[in-house]
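One structure is given below, encoded as structure tokens.
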Amino acid sequence: MIVTIESKARPCPGVDRAIAMAEDALRHGETVYSIGELIHNTREIDRLQKLGLIQVEYDAIKESAGNIKKFEGSDLLVRAHGERQPVIDEARGCGLNPIDATCQIVKHSQEMVEQHMRDGWRIIIVGQKEHPEVMGLLDRTNGNGSVISKSDDAEKQEFEERSLLLAQSTVDPELFSQARRVLSKKLSNLKIIDTTCRFLRTRQKDIEAFSLKQDVVLIVGGKHSSNCRLLHETARKFNICSYHIESPEDIDWSWFDGKKNVGITGGASTPRWQMEEVKAYLENRSKDKNPEGLKNRKGGLFLWWTKRKSPKMK
Ligand code: SF4
């Protein structure tokens with residue numbers, strides 16, 4: 022088995038920055054909180070929690086509103102995909118000091134929404150309603166925003182003529198293009214800003230090329246990561262033997278029967294150590310099952326030879 026990690030696989034700049042900011046604050050001995058998952062990778066969050074990061078739910082902040090003593094002097098790391106402004110205000114009211122790890126691309130979308138709201142535009146966002154980034158953008162529309170989550174939403178929903186169309190950074194670019202096509206015909210005064218993340222668009226192309234060269238593709242990353250799901254869908258279009266795993270425990274050894282080249286890659290929130298871990302696991306396990314020199318994983322050649330040379334059972 023030849024195991025290769027895709028050379029271009031790495032966390033995106035926004036996730037890299039959020040992790041670095043968390044590590045930096047923790048290194049300085051601060052008490053650091055995050056509301057919900059800082060990034061969509063449970064195992065990396067576990068690692069940060071072992072360093073001291075504390076994950077709280079928004080309800081805990083809300084219940085403590087005005088109770089400065091509970092959180093006073095601690096930091097609140099605002100996640101890479103942004104946060105709603107009232108949440109940040111309430112956190113301040115609890116004595117938390119927000120550290121803004123919002124990715125610059127998401128920040129740009131937030132600014133575009135705020136600016137266009139001031140100028141009287143309506144806002145249409147292509148993305149998932151429950152995604153923190155979309156919730157943060159919607160919150161800035163003061164109730165004058167709509168969300169397109171499915172392919173037929175653009176056709177079915179009613180929109181104001183003077184609208185700004187933008188996207189959740191991690192949304193499927195195909196869904197955004199489709200909404201753009203439909204709404205361009207439907208609305209007379211539509212302004213479009215493509216806020217899908219360029220890093221992710223490039224990664225889609227990388228995955229296409231990488232998947233074609235492998236017999237099996239493993240996409241390592243959080244089960245809740247929409248980006249990993251999208252990469253998995255793309256990989257499967259080019260290589261049916263593509264699997265999304267979170268850790269080595271998810272591996273099914275039957276995936277590799279009769280296969281030689283195994284490619285490992287990861288999503289925007291997958292740190293390098295998780296891909297290295299899967300590589301080491303595959304290599305060690307395949308060595309255990311295949312002592313040096315026996316290339317056939319089922320022991321075919323070796324067994325065939327020993328069977329012929331073995332004395333017959335009586
Ligand atoms: S995926 Fe793109 S938009 Fe999202 S955090 Fe990473 S760099 Fe920023």
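Numbers 22 to 335, taken from my numbering, label the letters of the sequence shown in order.
Each residue gets a CB set at the ideal place from its N, CA and C atoms; glycine is no exception.
Please report the Cβ distance between residue i and residue j, rounded to the nearest whole angstrom; I am assuming they are in contact, meaning their Cβ atoms lie under 8 Å.
i      : j      : result
His265 : His253 : 4 Å
Leu159 : Ser184 : So it is not a contact: roughly 14 Å between Cβ atoms.
Ile213 : Leu186 : 5 Å
Val241 : Ile285 : 6 Å
Val77  : Ile56  : 6 Å
Ile75  : Asp96  : With a Cβ gap of about 10 Å, Ile75 and Asp96 do not count as contacting.
Glu229 : Thr255 : 6 Å
Glu27  : Phe231 : 5 Å
Tell me the residue span of the alpha helix (DSSP H) that contains residue i.
i      : result
Ser232 : 219-234
Gln106 : 106-114
His253 : 247-259
Pro34  : 34-48
Ser205 : 194-207
Ile82  : 79-84
Alpha carbons only, please: which of the options is nearest the one belonging to residue i?
i      : options                        : result
Val36  : Ile146, Glu151, Leu98          : Leu98
His102 : Pro119, Glu58, Thr63           : Glu58
Gln235 : Arg257, Cys249, Thr217         : Arg257
Pro34  : Gln295, Thr255, Cys218, Ala200 : Cys218
Gly287 : Gly116, Asp227, Asp278         : Asp227
Arg250 : Arg201, Asp193, Cys115, Met296 : Asp193
Val147 : Glu104, Arg202, Val108         : Arg202
Trp294 : Glu154, Phe277, Pro269         : Pro269
Thr52  : Asn282, Lys281, Gly94          : Gly94
Glu132 : Ala112, Gly157, Pro153, Pro119 : Gly157
Ile126 : Lys83, His61, Ala112, Thr216   : Thr216
Gly243 : Pro32, Gly114, Ile26, Ile23    : Pro32
Asp173 : Ala200, Ser232, Thr191         : Ala200
Ser130 : Arg222, Glu104, Val108         : Glu104
Pro107 : Asp96, Phe92, Asp80, Val283    : Asp80
Thr63  : Ala112, Ser290, Arg306, Glu297 : Ser290
Leu20  : Met22, Glu179, Pro292          : The requested residue 20 does not occur in the structure, where the chain is confined to residues 22 to 335.
His152 : Glu267, Glu297, Ser247         : Ser247
Lys280 : Asn260, Lys29, Glu267, Glu297  : Asn260
Ala175 : Lys206, Ile120, Asn118         : Lys206
Glu263 : Glu111, Val237, Lys29          : The sequence given here places Ser at residue 263; Glu does not occur at that position. For the residues Glu111, Val237, Lys29, the minimum Cα distance to Ser263 belongs to Val237.
Ala30  : Ala301, Arg306, Lys300, Arg224 : Arg224
Met138 : Asp67, Lys128, Gly164, Arg113  : Gly164
Glu267 : Val299, Ser275, Asn118         : Val299
List the endpoints of the continuous beta strand (DSSP E) containing residue i.
i      : result
Gln125 : It is not in any beta strand (DSSP E) - Gln125 instead sits in the alpha helix (DSSP H) that spans 125-139.
Val155 : Run containing Val155: none in the beta strand (DSSP E); it sits in the alpha helix (DSSP H), 153-160.
Lys212 : 210-213
Ser290 : Careful: Ser290 lies outside any beta strand (DSSP E) and carries neither H nor E.
Leu74  : Counting along the chain, Leu74 falls outside any beta strand (DSSP E), and DSSP gives it neither H nor E.
Ala188 : 183-188
Asp174 : Run containing Asp174: none in the beta strand (DSSP E); it sits in the alpha helix (DSSP H), 174-177.
Asp96  : 96-99
Thr25  : 23-26
Leu239 : 237-241
Ile272 : No beta strand (DSSP E) holds Ile272; DSSP gives it neither H nor E.
Ile120 : 118-121
Ile144 : 143-147
Ser55  : 53-56
Ile60  : From DSSP, Ile60 is part of no beta strand (DSSP E); its letter is neither H nor E.
Gly279 : Per DSSP, Gly279 belongs to no beta strand (DSSP E) and is neither H nor E.
Gly166 : 166-169
Would you verify that the beta carbon of residue i is, or is not, closer than 7 Å to some beta carbon of chain D?
i      : result
Thr123 : Protein chain content of the structure displayed is limited to a single chain, and chain D is not contained in it.
In its own chain, which residues sit with a C-beta less than 8 Å from the C-beta of residue i, not counting the 5 before and 5 after it?
i      : result
Glu313 : At Glu313 the pLDDT is 45, less than 50, meaning the model places this residue with poor confidence and gives no usable figure here.
Leu69  : Ile40, Ala43, Glu44, Leu47, Leu59
Arg38  : Ala101, Ala122, Cys124
Pro292 : Pro32, Ile40, Asn62, Glu65
Ser85  : Lys91, Phe92, Cys115
Phe197 : Val147, Ala188, Asp215, Thr217
Trp142 : Arg183, Ser184, Leu185, Lys212
Only counting the same chain, and skipping five residues up and downstream in sequence, which positions put a Cβ closer than 6 Å to that of residue i?
i      : result
Ile144 : Val134, Thr162, Gly166, Leu185
Arg329 : In this predicted model, Arg329 has a pLDDT of only 35, less than 50, meaning its place in the structure is not dependable; the value taken from the coordinates is given anyway. None.
Leu233 : Phe259
Give me, in chain order, the residues of the same chain whose beta-carbon lies closer than 7 Å to that of residue i; leave out the 5 immediate sequence neighbours on both sides.
i      : result
Lys150 : Val168, Ser170
Glu375 : The displayed coordinates of the chain run from 22 to 335. Any statement about residue 375 would go beyond what the structure contains.
Val155 : Ile146, Gly148, Gln149, Val168, Gln189
Leu303 : Met22, Val24, Val283
Glu195 : none
Arg222 : Pro194
Flag residue i as yes when its Cβ comes closer than 6 Å to any non-hydrogen atom of the ligand FAD, and as no otherwise.
i     : result
Pro32 : The ligand FAD is absent from the structure shown, which contains only the ligand SF4.
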